[in-house]
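Under my numbering, the sequence shown is numbered contiguously, ending at residue 542.
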Amino acid sequence: MSRVARLARILQVCRRYRLDTFLDTGHVPQSWRRLLRLAPFTRGGEPAQSRAVRLRRGLEDLGPIFIKFGQLLSTRRDLIAPDIADDLSRLQDAVPPFPAAEAQAIVERALGKPVEQLFASFEATPLASASVAQVHAATLFDGRRVVVKVIRPGIERTIREDVRLLYTLAHWLERFHPDGRRLRPVEVIRDYEQIVLDELDLQREAANTSQLRRNFLDSDLLYVPEVHWDYTRRNVFVMERIHGIPVSDVAALNAAGVDLKELAERGVKIFFTQVFRDSFFHADMHPGNIFVEVTDPARPRYIGIDCAIMGSLSDFDQYYLARNLLAIFQRRYREVAELHIECGWVPPQTRVHDFEAAMRATCEPVFEKPLGEISFGQLLVYLFQTARRFDMEVQPSLVLLQKTLLHIEGLGRQLYPELDLWANAKPFLEQWVSDRYSPRGLLEKLQKRAPGWLEQLPQRPEKILEALRPVEAPRAPAALAATGHGAARQGSDRWRLLELLVAAGGMVLVNPDIAAQAPAQWHPATWVFAALALHALIAQRR
């Protein structure tokens, strides 16, 4: 379909569902307003359905790419109205399958052999069909049962064409909607483009699956299927076939005797383990991607699939996020404000008192409810909306985290309505902060970084002597200009000395015999290292 024909189709859907009502014509120039009144998609009576329903049905009519965009948009509750977010969350990611012959042809081209030589059996009827791929069951010649995921033919071209149109619509929305700039529609489309194009690379998804499986290999909380790399390419992905009860089928879970309270709490534990222990979390944990193994109903285990979208937090963000969450639920709003400024989530010139007052006004009405009724994910949404008023930059990693938390909390309360997410999260966060910044935790960090320091240590031994020389008397500006040196260089050299002293201390601390004694018994060399580092730091400040 040509771009013009596709645009005409979009205008036709806009007319059917009166999507023009999302535009505030009061902000449109007079000349444009006349054109809009003449446009065919603005003609019609007053819409009979709510704006949320009309938007959802319009996206459904426009096809898979717009459906997936609606799903992504439903997670951005920091940007869109709650009624729209609620209705968009109902979008189903089930589309008509493409012919099995095409799927087989793609597999054969990718793997270089006929399907009959690759698999003992290959089922023509797909198990599932989604917007960018579909899945077929198969059996390997050694008897192992697998699933074969195949990218839809021609989908990348369709995606790129539709994304270009979405950018056009986003620019219109930004220009003509009263909240257009605040909603940042172009930024949302840019995030969506990256996510949906990444989903087309099944080798990337396979690598994510392998990493998540490795992280939980011996866990009784989460099982991740095995990847068969010999059969995996960019557009074909073969992995172990799993069997479990869909997590959304509460009736089947009850019939199997599953402890739903335990299941809900295990979901919370999995989430925080991924975020804070591994800094690698499944960011698309909607019910369609989660199953439950019920071999032991009293200790049910989750099964996770579809690792195309994964999130990660830096050590910096992990630490500040943990401290922020603890401070929020302990109602230490001053600390929340200071942490936001300290970690750079809001501009440094933000007035702490104003930000503290805004946080208090946001949180206090929420905390009037019993803890079991508080939506942890929704509270994060409120906080991000408040911080946005203080020019907080939206960070993709935090948006993915918020989206995942909303999924986990909603799923947990579907299983066990009395789930108190905070009661399960608080001990985990407190223990994580305590462990990470205990003497042993700091020692482990030193041990991890010591090899890099040791590699640099022999390269510039002369810098130690040069940095220890007495500071010369100030020279005339001309002399400084001639040599190209000065106080800046002396300060830089002293910082290098400090780094070298840290590396020297790391040489001692990384020794397994010494490290085994810490933190109960510190080696004398550690105190020497600490004294030298302190001396260098004082000298630098002077």
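In this text, a Cβ means the ideal position worked out from N, Cα and C, and glycines have one as well.
Going by DSSP in three states, residue i sits in which element: helix, strand or coil?
i	result
E293	strand
S434	helix
L19	helix
K149	strand
P427	helix
M285	coil
T350	coil
Q414	helix
A48	coil
Q12	helix
A81	coil
G257	coil
C363	helix
T404	helix
D162	helix
T273	helix
L38	Bear in mind that a pLDDT of 46 at L38, under 50, signals an unreliable position, so the number given afterwards is only what the model happens to contain. It is helical.
Please say whether residue j and residue i have beta carbons closer to each other than 8 Å?
i	j	result
P64	I106	no
F237	E205	yes
F281	V247	no
L73	I67	no
I242	I303	yes
I309	I195	yes
A170	P185	yes
G412	V268	yes
L202	N235	yes
I151	V135	no
V53	D86	no
F367	K426	no
T362	L380	no
V433	A322	yes
L11	G58	no
G311	L401	yes
A124	F141	no
R266	L221	yes
R6	E174	no
What residues in its chain sit with their C-beta under 8 Å from that of residue i, if we drop five residues either side in the sequence?
i	result
R43	Residue confidence is low: R43 scores 49 on pLDDT, short of 50, so the model does not pin down where it sits. Its coordinate-derived value is still stated next. Excluding residues within five positions, the ones whose Cβ falls inside 8 Å are R15.
A256	I245, V294, P297
G410	G377
Y320	L339, E342, C343, W345
R334	V352, E356
D278	N215
W527	Confidence at W527 is low in this model, with a pLDDT of 49, below 50, so its placement is unreliable and the value that follows should be read with caution. There are no such residues.
P126	P97, A100, A103, Q134, V135, H136
D429	The sequence shown places Leu at residue 429, not Asp. Excluding residues within five positions, the ones whose Cβ falls inside 8 Å are F272, F276, A322, L325, L326.
R145	A137, A138, T139, E240, R241
R541	Per-residue confidence for R541 stands at a pLDDT of 49, beneath the threshold of 50, marking its modelled position as unreliable; no derived number is given.
Excluding sequence positions up to five away, which residues of its chain have a Cβ less than 7 Å from the Cβ of residue i?
i	result
R90	R56
R166	Before going on, a small fix: residue 166 reads as Leu here, not Arg. Once the five neighbours on either side are set aside, the close Cβ partners of L166 are F69, I189.
S210	V227
Q274	F280, F281, H282
V224	T209, L212, R213, F216, G304
E108	P114, V115
L421	V268, F376, E409, G412
V258	V292, V294, P297, P300
Using a Cβ-Cβ cutoff of less than 6 Å, which residues in the same chain neighbour residue i once the five nearest sequence positions on both sides are dropped?
i	result
F69	Y192
V163	E193
P347	D391
A252	I245
E271	It should be pointed out that residue 271 corresponds to Phe in this sequence rather than to Glu. Excluding positions up to five away in sequence, the list reads I408.
R389	none
R9	none
F122	V115, A138
P263	It is worth fixing the name first, because residue 263 is Leu in this sequence and not Pro. The answer, listed in chain order, is P300, L415.
E187	none
Based on the DSSP secondary-structure assignment, which residues constitute the bridge partners of residue i?
i	result
Y302	L222, V292
F237	K149
S121	T139
I245	V292
G311	F281
A128	V135
V227	M239
Report yes if the C-beta of residue i is less than 7 Å from at least one heavy atom of the ligand COA; otherwise report no.
i	result
H407	In the structure shown, the ligand COA is absent, as is every other ligand, since no ligand is present at all.
Assuming residue i and residue j are in contact, meaning their beta carbons sit under 8 Å apart, how far apart are those beta carbons, in whole angstroms?
i	j	result
L200	I155	7 Å
V147	M239	6 Å
L111	Y231	6 Å
V4	D61	Not a contact, Cβ separation roughly 19 Å.
T386	A358	5 Å
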